[in-house]
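Below is one structure, written out as C-alpha cells; comments come after it.
Number of protein chains: 4
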Amino acid sequence: MATNGEDVHALNGVLSSQPSNNHTTEEALNKHKVSSATENGTGPAQRFTFTGQPTLEDIRRMQAEFTDERDWNQFHQPRNLLLAMVGEVGEVSELFQWRGEVAEGLPGWTDSEREQLAHELSDVMIYLVELAEKCHVDLPQAVLRKMALNRLKYPASKVQGSAKKYTEYKD
Amino acid sequence: MATNGEDVHALNGVLSSQPSNNHTTEEALNKHKVSSATENGTGPAQRFTFTGQPTLEDIRRMQAEFTDERDWNQFHQPRNLLLAMVGEVGEVSELFQWRGEVAEGLPGWTDSEREQLAHELSDVMIYLVELAEKCHVDLPQAVLRKMALNRLKYPASKVQGSAKKYTEYKD
Amino acid sequence: MATNGEDVHALNGVLSSQPSNNHTTEEALNKHKVSSATENGTGPAQRFTFTGQPTLEDIRRMQAEFTDERDWNQFHQPRNLLLAMVGEVGEVSELFQWRGEVAEGLPGWTDSEREQLAHELSDVMIYLVELAEKCHVDLPQAVLRKMALNRLKYPASKVQGSAKKYTEYKD
Amino acid sequence: MATNGEDVHALNGVLSSQPSNNHTTEEALNKHKVSSATENGTGPAQRFTFTGQPTLEDIRRMQAEFTDERDWNQFHQPRNLLLAMVGEVGEVSELFQWRGEVAEGLPGWTDSEREQLAHELSDVMIYLVELAEKCHVDLPQAVLRKMALNRLKYPASKVQGSAKKYTEYKD
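Spelled out as C-alpha cells, the structure:
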C-alpha cells in the first residue's frame with residue numbers, strides 16, 4: 009500500500025473523528041520536533057518514545073471495521089495476509105536498499121522519505137495485527153510471553169556487550 | 009529467535025514481575041479457551057479480540073530496557089533490525105509454507121504449532137517496534153495516519169465486496 | 009524494479025545483440041505456446057522446461073557489465089543487494105497476495121499478469137546472482153552441493169508422499 | 009533447509025554421480041582459492057566468476073527429479089514454493105543481520121559462515137527455479153528480457169555514478 013505524501017494534507021477531518029485517539033496530529037508533530045532537538049545535541053540524550061495510543065487492540069478493532077465495511081474478509085485469509093505483509097516488508101526494504109549503513113534517527117533523510125517510511129512500517133503493522141487476529145493469536149500477550157522467554161534465553165550477565173557472545177547466543 | 013514451546017513453563021515467576029502487565033498468564037489462557045469454544049460452534053460467532061495491554065509504548069519500553077541491559081544498542085542500527093525482522097518474517101512463512109490454504113482460526117493446528125506461531129509473530133512485532141523507535145517513527149500515530157489514508161484511498165462505497173475492483177484498487 | 013509490460017515491444021533490437029543468447033524471442037514465444045497447448049489437454053502432460061541459455065554465468069557477466077557501465081558497483085555491496093532482493097521478493101508476493109490458492113500453470117492469469125510475474129521473478133534472480141558474486145559464492149556449484157545434501161537429508165524411501173513425514177523432516 | 013557444514017564431507021560419492029556436472033568439487037575448490045588469492049592482493053583485481061554448470065535448466069531438471077522421487081509435487085504449488093522462498097531469504101538475512109556493513113568478498117567471515125551462506129543462497133535459488141517452473145515462466149529467457157528492459161530504463165549515459173540520480177531512477 010504505497011501512499012503519496014501529499015495525501016496527508018487531506019487527513020485533518022478524518023483524523024479528528026478517530027474515537028480512540030486522544031492525541032492530535034499537532035501533538036504528534038511537536039513530539040517529533042522535541043526528538044529532533046535532542047538529536048541536535050541541545051539537551052541530554054532523551055530516548056525516543058511512542059505516544060500511548062492507539063493500542064494494539066485499537067488497531068485491531070479499527071482494521072476489522074475497515075475490512076468489514078468493504079466486505080473484504082473473504083480476501084483476508086491468513087496466508088493472503090502473510091503475503092501482503094511480506095510485500096510491505098519489501099517496501100520498507102526498498103527504502104533502505106541503496107543507502108549503506110543508516111544511523112539511528114535517519115540523519116540526512118528528507119521529511120518526505122521519513123513519512124514514506126512511516127507509511128510502510130504502518131502497513132507492516134496493520135497486516136501483522138490482522139494476521140494475528142485471523143490466527144486467533146492474542147498478540148499483546150504473546151509478545152509479553154516471548155519477551156520473558158528472551159530474558160531467560162539471553163541472561164544480561166552472560167551476553168553483555170560482546171558481539172561474539174551475542175552472535176553465538178543468537179545462533 | 010526460535011524458541012522452544014517447553015520453555016513456556018519456566019515463565020511463571022518472570023511474568024508475574026512484569027510491571028505493566030495487568031493480565032496473568034491464566035487469564036490469557038482462559039481467553040484463548042473462550043475463542044476456541046466459539047470456533048466449535050457453541051455460541052454466536054464472536055470476533056477474536058486482543059487484550060488491552062501491553063501497548064506499543066509498553067513493548068517499546070520493555071524492549072529498550074532489554075537492549076540497554078545487554079549493551080546491545082551497538083548492534084541495533086536500523087538496517088540490522090530490518091534484516092532481523094526479515095528473518096522473523098521468514099520464520100512465520102516457514103510455519104505456513106507447506107499447508108496450502110489455511111482458514112481463520114487455524115483449524116487442525118496443534119497447540120505447539122499455535123504457540124510457535126505466537127512466538128514468531130511476536131518476534132516480528134518486537135523488531136518492528138524497535139526499528140520504528142530507532143528510526144524515530146512514532147508508530148502508533150503513524151498507523152493512525154496510514155489507516156486514515158487507506159479509508160480515503162479505498163472508499164467503502166466503491167470497492168465493496170468485489171475481488172476485481174479490490175485488485176484494481178490495490179494495484 | 010517494476011516494469012511496464014508495454015515496454016517489451018521496444019526490445020527487439022536490443023535482444024538480437026545479446027552475444028550469448030542462441031535463442032530468439034520468437035523461439036521462446038513458440039516454446040511458451042507449446043506449453044500452453046499441453047495445459048489445454050491436447051497432448052500427454054509434458055513437463056515445462058527452461059531454455060538452455062543464458063546460464064547463471066551468462067547472467068552474472070551481463071549484470072556485471074550492466075553495473076560496471078553505470079558505475080554502480082559503489083552501491084552494490086552485499087547488504088544493499090540483499091535488501092534489494094527482499095524488495096523484489098515482496099513484489100512477487102504482491103502478485104500472489106489476494107488470490108487464495110494458485111494452481112500450477114497459473115490458470116486464469118492474464119498475459120499481462122504472467123509477464124509481470126516473469127519480470128519480478130527475474131529481478132529476484134538478477135539480485136540473487138549479483139549477491140552471490142559479491143559474496144564470492146560460486147552459485148551453480150553451491151546449488152549442486154546443496155542438492156546433494158538434500159538428497160542425503162531426505163531419502164526418497166523414507167519421506168515419500170506423506171505430508172506428515174514431510175513436515176517432520178522439514179522441521 | 010538449514011544444513012550442517014560437516015555433512016559436506018559425505019558428498020563425494022553423490023557429487024561424482026551428477027550427470028550434467030563436468031566440474032569436480034576439487035576444481036570448484038581450486039577456483040575458490042584463486043579468488044581468495046586475488047583478494048589478498050597477490051595479483052591484479054580479477055572479477056569473481058561462476059563455473060558454467062549446472063545451467064538453470066539443469067537445476068530445474070534435477071529439482072524436478074528430486075520432487076518426483078519423493079512424491080512431493082502435491083506440496084509444491086506456487087504459493088507454497090513462494091513462502092518457502094521467503095523462508096530461505098529470511099535465513100540469508102539472519103546471516104547478515106548483526107554485522108553492520110559487509111564488504112565484497114566477506115572479509116573476516118569464517119569458512120563455516122561462507123558455506124552456510126552458500127547453502128542458504130542455494131536454497132533461495134532452488135525454490136526460485138521451481139516456483140518459475142510451476143508458474144510456467146521460462147526463467148532464463150525472462151531474465152534476458154528483463155535485463156534488456158533495464159538497459160532501456162536506466163541508460164548508462166544518464167544515470168552514471170550518481171547516487172542521487174540512481175535513487176531517482178530507481179524510485
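Protein chains in written order, with the numbering used here: chain A, 9 to 179; chain B, 9 to 179; chain C, 9 to 179; chain D, 9 to 179.
Backbone N, C-alpha and C define an ideal beta-carbon position, used for all residues, glycine too.
In this text the structure is predicted, and so the values were computed from the model without any measurement.
Neighbouring residues, chain C, relative to residue i (Cβ below 8 Å)
| i | result |
| --- | --- |
| B/V94 | V94 |
Beta-carbon proximity of residue i to residue j, cut-off 8 Å
| i | j | result |
| --- | --- | --- |
| D/L91 | B/S101 | yes |
| D/E99 | B/G98 | yes |
| D/A164 | C/R122 | no |
| B/L129 | A/V145 | yes |
| D/Q71 | D/V151 | no |
| A/Q149 | B/T59 | yes |
Closest by C-alpha distance to residue i, when choosing among the options
| i | options | result |
| --- | --- | --- |
| B/R68 | B/R153, B/I134, B/P163 | B/I134 |
| A/V110 | B/L125, B/Q85, B/G108, B/F56 | B/Q85 |
| C/L139 | C/G116, C/V94, C/T57 | C/V94 |
| B/Q105 | A/R107, A/T63, A/N88 | A/N88 |
| C/E112 | D/N81, D/R159, D/Y162 | D/N81 |
| B/L157 | A/L157, A/K161, A/Q124 | A/Q124 |
| D/H127 | D/G116, D/L103, D/G169 | D/L103 |
| B/C143 | A/Y162, A/L114, A/R159, A/K142 | A/L114 |
| C/R55 | D/L160, D/R55, D/T75 | D/T75 |
Cross-chain neighbours of residue i in chain A, by beta carbon under 9 Å
| i | result |
| --- | --- |
| C/E138 | Per Cβ cutoff of 9 Å: no residues; C/E138 is ~13 Å from chain A at best. |
| B/Q168 | E77, R78, D79, W80 |
Neighbouring residues, chain B, relative to residue i (Cβ below 8 Å)
| i | result |
| --- | --- |
| A/Y162 | R78 |
Contact set between residue i and chain B, taken where Cβ atoms lie within less than 7 Å
| i | result |
| --- | --- |
| D/L91 | S101, F104, Q105 |
| C/R87 | R87 |
Closer than 8 Å at the beta carbon, the chain D residues around residue i
| i | result |
| --- | --- |
| B/V97 | V94, G98 |
| C/Q71 | M155 |
Contact belief for residue i with residue j at Cβ below 8 Å, rounded distance in angstroms
| i | j | result |
| --- | --- | --- |
| D/E96 | D/V132 | 5 Å |
| D/T57 | C/T63 | Between C/T63 and D/T57 the Cβ distance is about 11 Å, and since that is not below 8 Å, they are no contact. |
Neighbouring residues, chain D, relative to residue i (Cβ below 9 Å)
| i | result |
| --- | --- |
| C/T75 | Those do not exist, as C/T75 stays about 10 Å from chain D at its closest Cβ, beyond 9 Å. |
Within chain A, partners of residue i - CB distance below 8 Å
| i | result |
| --- | --- |
| B/Q61 | T63, P148 |
Interface partners of residue i on chain C, CB under 7 Å
| i | result |
| --- | --- |
| A/F83 | W106 |
Any C-beta of chain B within less than 8 Å: which residues of the segment 107-126 of chain C qualify? Considering only beta carbons, the part of the segment 107-126 of chain C lying closer than 8 Å to chain B consists of G108, E109, in chain order.
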